[in-house]
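Those protein sequence lines, which keep their order, are chains G and H. Note that our numbering gives residue 60 to position 60 of the first sequence, counting from 1, and the numbers run on in steps of one. When you read off a place in the second sequence, starting at 1, and then add 1000, the result is the number in our numbering. Shown next, in structure tokens, is the structure this report addresses.
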Amino acid sequence: MKKAESRKKTADFTSCNGGRKDVGMDALIKDALQNTGTRIVASESLKQRIDFQIADRSAKEGHKMKRMNMKKVVLGVAAACVMVGTIAIAGSGVVSYMGHGSSIPDYTKFEDMGKAESEIGYSVGCVESFSNGFDMKGIHIIETVLQDESGQTLGEKKSLEITYSKGGEEMDVYCKKLLPVEEADIMEIGEYDRTLETGGITMGYTSSMYKAVPPDYEPTEEDKKAMESGRLQIGYGSAEIETSQYSRVVWVKDGIRYELMGFNVSLNADEMLQMAQEMVENGN
Amino acid sequence: MDEKELVQRLKGGDKAAFDALYEKYKNILLRMAYLISGQIFDAEDVVQETFVKCFLHIGELKKEEGFRSWLFQILYHTAYRHQKKRGREIPDEQIAIRADATDGMTSLDRIIKTENEKQVHDAVQSLDFKHRAVVVLYYYNEMTAKEIARTLGCTEGTVKSRLFAARKKLRGKLMMNGKGGGSYEEGGKQEENRRLYFL
């Protein structure tokens, strides 16, 4: 009796739905899930927890990122206008930088270096060509905004990134005027793999692994140890995990921090320090 | 201000833009997370982590137009990881603390009102994570197979296959519940259960 009644009801139901049995099930599931969903609302405390965690994580990640060059953050991002980086500076009230730079150079001729320097408000003393054959290819102006914890803008400044190329290889020199709150950015001499001194300026070379990872990547224990030791930097946003070797030479001269850097470059420490020396001496 | 502009402003570090996007998506994400996880506590944790990642990594979103899919993708992966990590009971004292934090939405009875909803909820929760996620995105979010594929990072074929398998299992579960009857059939709910039985 029950089976017969069931068949009759089924027939009635399917006939109301053009004979497509699943239409009824689809509607039922959809209604049930959507009705259930509407009764769920976010608590007031959820936003507070999110804001707290953002502040906390920004500070922690910023601490790890202090030594990162902003260029690394945009690795693999080909957008015309990109966020360059977020850095936290402890104890200064400044918790982040948001930088914007274009992947298209602002200038492509060395003669325009003066214009670029006028725009940023200070001279950087870069060379047109290095003795090893790297020639200037482009000048990028990077705008940086300093913000406090609430996102309030505290100030703005501009930096330069100069790209050099030789064959298919590229190197960048990133120049930024240091603010007092950025003193913590400067690494101790002992933290470099190798150093070279010229004219009272110490240049430090380091090389580390850079790992571009998808947005949901969770660092492994090995990653964490490598990050703590400064041997690994992680950048989020890649479709798949890609690793590259990141080499750089850093020095500070006349309140300007310089960073000569490249990914998977063929140059060794001595050759990169030599390039840095040429820049330092060119500016004297 | 439209979403694209909000995302652009968020990329520039505008906290107000983040707050506006949070307001727009907080309940959508929480509902998705709940339907996928089946636990309101887990859902809030997943949404919290999703928004934190959104704020910290918004600079890596290449196209502002893809924000919605990107956000759903983060939620999906976060929920998946959360699900894998779960497995321990939440201590009683933690429940008491969180009951306040979730505005009392800890009782299943307050969320699921009808027998139909309970049966569908139970049937959906009986699916494994990946099939459940496809069901939620398809039925709750009303996304196409292509959109779901983009969110889950798989092919459209995989989505269709999962959906087919999920529907088959759901149909079986719902029919079985209808036949079992007794556990959900109380008073005026009987008629609703018949709908499930006759699918």
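Where a beta carbon is used, it is the ideal one built from N, C-alpha and C, also for glycine. Fair warning: this is a prediction, and the values are worked out from it, not measured in the lab.
Straight across, the Cα-Cα distance linking Thr-1155/H with Ile-1148/H is about 9 Å. For the segment 1160 to 1177 of chain H, the set of residues with a beta-carbon nearer than 9 Å to any beta-carbon of chain G comprises Arg-1167, Leu-1170, Arg-1171 and Leu-1174, in chain order. The residue among Phe-263/G, Glu-221/G, Asp-270/G and Ile-256/G with its C-alpha nearest the C-alpha of Cys-126/G is Ile-256/G. DSSP places Ser-1161/H within a helical segment (H, G or I) once states are collapsed to three. The alpha-carbon of Val-252/G is positioned some 7 Å away from that of Ile-201/G. Fewer than three pairs of CB atoms, one per stretch, sit closer than 8 Å, so the segment 193 to 210 of chain G makes no contact with the segment 1011 to 1024 of chain H. Secondary structure note for Phe-263/G: its beta strand (DSSP E) is the uninterrupted segment 256 to 263. Contact between the segment 1052 to 1071 of chain H and the segment 1030 to 1043 of chain H is absent: fewer than 3 CB-CB pairs across the two stretches fall below 8 Å. By a beta-carbon distance limit of 8 Å, Val-1052/H contacts Ile-54/G. Their separation comes to about 5 Å. When Leu-33/G, Lys-176/G, Lys-137/G and Glu-221/G are compared, the shortest CA-CA separation from Val-1124/H is found for Leu-33/G.
Identification of residues in the segment 34 to 57 of chain G having a C-beta nearer than 7 Å to some C-beta of chain H yields Gln-34, Asn-35, Thr-36, Gly-37, Arg-39, Ile-40, Val-41, Ala-42, Ser-43, Ser-45, Leu-46, Lys-47, Arg-49, Ile-50, Gln-53, Ile-54 and Arg-57, given in sequence order.
Distance between Thr-1050/H and His-1077/H, taken at the CA atoms: about 9 Å. Taking 9 Å as the cut-off, the Cβ atoms of Thr-163/G and Met-136/G count as close.
If you check the CB distance, Val-41/G and Met-171/G do not come in under 9 Å. Within the segment 199 to 253 of chain G, the runs of beta strand (DSSP E) that reach at least 3 residues and sit entirely inside it are, in chain order, 201 to 213, 232 to 236 and 242 to 253. Where Glu-170/G is concerned, there is no enclosing alpha helix (DSSP H), although the beta strand (DSSP E) around it starts and stops at 169 to 177.
Rounded to the nearest whole angstrom, the C-alpha separation of Met-1001/H and Ala-1020/H is 10 Å.
From the beta-carbon of Gln-1048/H, the residues of chain G found nearer than 8 Å are Leu-46, Arg-49, Ile-50 and Gln-53.
Residue pairing for Arg-194/G: DSSP places it in a beta bridge opposite Tyr-205/G.
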